[in-house]
Structure formats: C-alpha cells, structure tokens
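Protein chains in written order, with the numbering used here: chain A, 1 to 231; chain B, 232 to 462.
Quick notes on the structure that follows.
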DNA sequence: TAAATTCGTTCACTTAAGTTAAGAAATGAT
DNA sequence: ATCATTTCTTAACTTAAGTGAACGAATTTA
C-alpha cells in the first residue's frame, strides 16, 4: 500500500512538461494511516497565508491548469525570447542566469514557495536572461491574461499580488544591502547561515557567480575557511 | 517681479522641517510671462503617470499635510528607532546607510521622484539602518494610517502603490544583477552612464560603499580610468 | 576669520580575487 | 560499462582591492 503511493509519487513527478493535474507532494505514514498532500494543497496552503479562498475560488484557480512538472536542465526562458509566463516553484529549484562574454552568470535561485516574474513580462521586450531548472521541478506557470481573468472575478488575488511584491521588494533590498556591505567570504558564510540548502543542491560554479566571484575563487575561499577552522 | 518669485522660492525651500504647504519648485520666464510650479504640482504630475486624480482626490491628498522641507545632514531615521514613515523625494537626495564596526556603509540613494519605505515600517521592528539627507531636500512623509484612510476613500491609490512596488522590484532586480555581474570599475562606469548626477552630488566616500568598495579604492580606480583614457 | 574637522588623494604594503592551465572527480550519454 | 563531457580543485602568476598612514583641500564650527 505504502509502496503504491510512493511509486505513484515517483511516477507523477516525472510526468512530462505540459499539463499536470494531480501531483502527490508527500506521503506520510501516521499509525498505519496514509495521508498525502498534492501540489494543489501546497499552493493553497501558501495562498492561505495571505488570503482565504472559498471552494469556488480554488476551483477557478485550478481550472486555469497552471501546474507543470519540468525536468532538470530544461530551459524555461531563453535570452532574446519574449514571454508572458511567470513562475512559482512548488518543489525543486530554478535559476536565472545571463550569458556575458560567453560565460554564464547566475544571479538568482528560486526554490520552494518562491516566485519569479521575468523582467520581459513587464516590459514586453525580449528577455535579457535565461531561466532554467537546477533540479526536476514542479511549478505553476501563469500569464497576465489568467491574472486578469482571476482578478476581475476575485479582486483579492490582486491584493495578494500587491502584498507579495511588497514583501519581495523588502527582502530583496535587505539582500542587496547585505551583499554590498560584505566581502565574498562573508557572503558565503551568510549563505551558509541563511540558505544552507542552496550550497548542497546547486553546483559550485553557479553558486560562485551568485556570490559575485569566479568558481576558482569560491574553491579557494572554501579551502581557506576550512583551514581556519582546523587551527 | 521675477526677482520676487525667485527670492520667495529660495526662502520657501528653506522653511524648517515641519509643515510645509506651498513650495515653489521652479520659476520659468517665458516671453515675460512668469509661470511657476509647486511641489504639489510635481507630486500630482508624478501620480498622473499611474492614475488620474479628480480635484476631490487631490484635495484629500493635500489635506494630509505630507510635504516637508528638510535640511542637508538631517537624520530622518536612526538605527534602533521605530518608525511608520515612508518618504518620497520631490527635490534633493536622501541616503540609506548602516553603521557596521563604526563605519558608515551607504547602500542606497533616493533622488527626485524616488520613494523609499524603510524596512521597519513593514515589520514594526527597530530600524537596522539610518536615513539622512545628502542635500537640502523636499519630500513627502506618509504613514500607513494615512494610506488606509486614503485607500478606503480612493481605492485607486492602493492600486498605484501595487504598480509602483512591482515597478521598483523589477528595477531593483536588474540593478542587483548588474551589480553581481560586474567589477567595481564596471560598476563605476555604469553609474557614470546611468546616474551621472549622483557622482556630482554625492560625497566620494558615500559613493564608494554604494559601489561596494573603500573610498581609497574608488580614488585609485578613478585615477586608473583617467590614466587609460589619456593614453 | 581662524581653528577644527572632514574629505579626497596618494603611497607602500598586504591580502584576496582574476586568469590560465592542468589534472582529478563526478556526471551524463551511448 | 565505457567514453566523453562537465565540474571541482589546485597551483603559479597577475591584477586589483583592503589597510594604515600622511598630507593638502574643502567644509564646518566657533
């Protein structure tokens, strides 16, 4: 029985990119009673922190068919491409990177319960950067048209978006300040404190540019820290 | 006649901090016909880019008595202080800085038509940083209570705030990306391109930490650039 | 106006990051 | 399982930023 669920889970999260309706996110065995949580539940849990949804509203949201399962390495958005999609990560990790002088420069990662709206969605220009999946990822993909439909039906969605972007802006500013006021080594130590998972799940060379340095420097810096802690 | 206006202008912008009602922002002599613009006009012009205001709405806004004239060097917000005020600069320049190990670290400047909401306004904690005036500055000072009053009367204000913070977030992200992907020298050259006024109006040592380096390094870097362009 | 403080630059020296190259380890593809 | 590719680390060398100190210039303060 338990095996069944877990097998189905493994299968489900591998479902190909388009159109994913019901994804089991976790299976808990509590006193021989199995409970499971779908990606829908996860999204609703997140939203409930901001607004409360009626069943009608939940259904309206689900009818938009926004859940997608994407394989590691998939490129969601390419430089030079126009797109209206924005993303919200339910499980996994996506990254944003530029290619400058032939080199990848990763500037941001988005993991569970984090959303991103590519710049090109706002200004309707071609994207300056790429977005790709660091891991197999489950996310919602929404575009402004859906937003408009939803917002006119349920204005509170728009309110939530406002609150969300204010929240994001505040976080972003604190992050930027921290970045400006610290050395690469400091930044690495901060990351270790604040997002230790990232250091585990993301390749070093992507972390390096995220920290504003070269991969070799990150390697050296890590060795230096290790050396210090040994003595 | 013309002299009258200009004298009044100079006098007006010097009015002490609290309660400023009518500030002449500019005087134009066009074919002997003098026209002048008040700070109110400037604010309304700015707002009109986002929403259109009726006379009623303008008056509601003015009745909140939010215009302030602040002298260079004045500290608007101190570390450790709680505050509910957010600022919108009509004329002049304010800066945000931390004091870390006894050293000032400037992380942001806000000039004409730029607004800032200190982090402590959101989370109701003590401020982690200072805000002070780089120049004699005219700004609006608003708090959420005013916002609530205005927003319930005129919901479109709230819409504007949402759009504004989304816009800000987008800009902020691009800025952060640019910062991460460039060297201090690049950052300085970018600043020279994008905000040349800042380099003129802001002391070098404040610019330095804004660029993520020490004042001596900025000096050296400038000399280096000059040297390059000479040859 | 004079004295005091702050600011910007320069210099010599130290420390750390960028660069180039090479090899080991891990990962992915066939 | 093997081969090819990508990723990570190390090393030697170069370049640029951090540090501490000194000095003139500019700004504030009394």
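For every residue, glycine included, the Cβ atom is placed at its ideal position computed from N, Cα and C.
Residue contact with chain B for residue 172/A: present (Cβ-Cβ distance below 8 Å to some residue of chain B). Within the same chain, Cβ atoms closer than 7 Å to the Cβ of residue 413/B are found at 421, the five residues on either side in sequence being excluded. What residue 331/B touches in chain A, judged by beta-carbon distance under 7 Å, is 181, going in chain order. For the stretch 148 to 165 of chain A, the residues whose beta carbon sits under 9 Å from a beta carbon of chain B are, in order, 158, 159, 161, 162, 163 and 165. Approximately 7 Å separates the beta-carbon atoms of residue 313/B and residue 355/B; this is inside 8 Å, confirming the contact.
About 5 Å separates the beta carbon of residue 371/B from that of residue 319/B, a gap short enough to meet the 8 Å contact definition. Interface residue (Cβ-Cβ distance to chain A less than 8 Å): residue 338/B is classified as such.
CA-to-CA, the gap between residue 309/B and residue 210/A works out to about 31 Å. Contact check for residue 43/A and residue 90/A: beta-carbon distance about 6 Å, within the 8 Å limit, so the pair qualifies. In the DSSP assignment, residue 137/A is bridged to 70/A. Relative to residue 304/B, the option among 350/B, 279/B, 368/B and 460/B whose CA is nearest is 368/B. Neighbours of residue 176/A across chain B, judged by C-beta separation under 9 Å: 338, 339, 403, 406, 407 and 410. For residue 353/B, the residues of chain A that pass the 7 Å Cβ criterion are 170, in the order they occur in the chain. Spanning the alpha carbons of residue 404/B and residue 265/B requires a straight line of approximately 43 Å. For residue 329/B, the uninterrupted beta strand (DSSP E) run begins and ends at 324 to 331, by DSSP. Taking C-alpha positions only, residue 227/A is separated from residue 357/B by approximately 37 Å.
The beta-bridge partner set that DSSP reports for residue 108/A consists of 96/A. Taking all protein chains shown into account, residue 363/B has 16 or more neighbouring C-beta atoms within 10 Å of its C-beta and is therefore buried. Of all residues in the stretch 343 to 369 of chain B, those with a C-beta nearer than 7 Å to a C-beta of chain A are 350 and 353, reading in chain order.
Residue state for residue 360/B is assigned as coil, using DSSP reduced to three classes.
In this structure, the CA atom of residue 175/A is about 19 Å from the CA atom of residue 438/B.
Taking all protein chains in view, the Cβ of residue 223/A is surrounded by fewer than 16 other Cβ atoms within 10 Å, so the residue is classified as exposed. Rounded to the nearest whole angstrom, the C-alpha separation of residue 282/B and residue 188/A is 43 Å. Pairing residue 324/B with residue 360/B, the inter-Cα distance amounts to about 17 Å.
Between residue 365/B and residue 426/B, the gap from beta carbon to beta carbon reaches 8 Å or more.
Non-local C-beta neighbours of residue 192/A in its own chain, meaning closer than 8 Å and more than five positions away in sequence, comprise 199, ordered along the chain. Here residue 344/B carries a coil assignment [DSSP, helix/strand/coil].
When rounded, the separation of the alpha-carbon atoms in residue 393/B and residue 166/A is 8 Å. Among the residues facing chain B, residue 212/A is included, as its CB has a counterpart in that chain under 8 Å away. Our two residues, residue 202/A and residue 151/A, have alpha carbons roughly 36 Å apart in a direct line. By the neighbour-count criterion, in which a residue is buried when 16 or more other Cβ atoms sit within 10 angstroms of its Cβ, residue 352/B is buried. When DSSP states are grouped into helix, strand and coil, residue 385/B belongs to the coil group. Straight-line spacing of the CA atoms in residue 386/B and residue 377/B works out to 13 Å. In the three-state scheme derived from DSSP, where H, G and I count as helix and E and B as strand, residue 57/A is classed as helix.
By alpha-carbon distance to residue 108/A, the top candidate from 451/B, 411/B, 262/B and 444/B is 411/B. Take the alpha-carbon of residue 186/A and the one of residue 64/A: they are about 44 Å apart.
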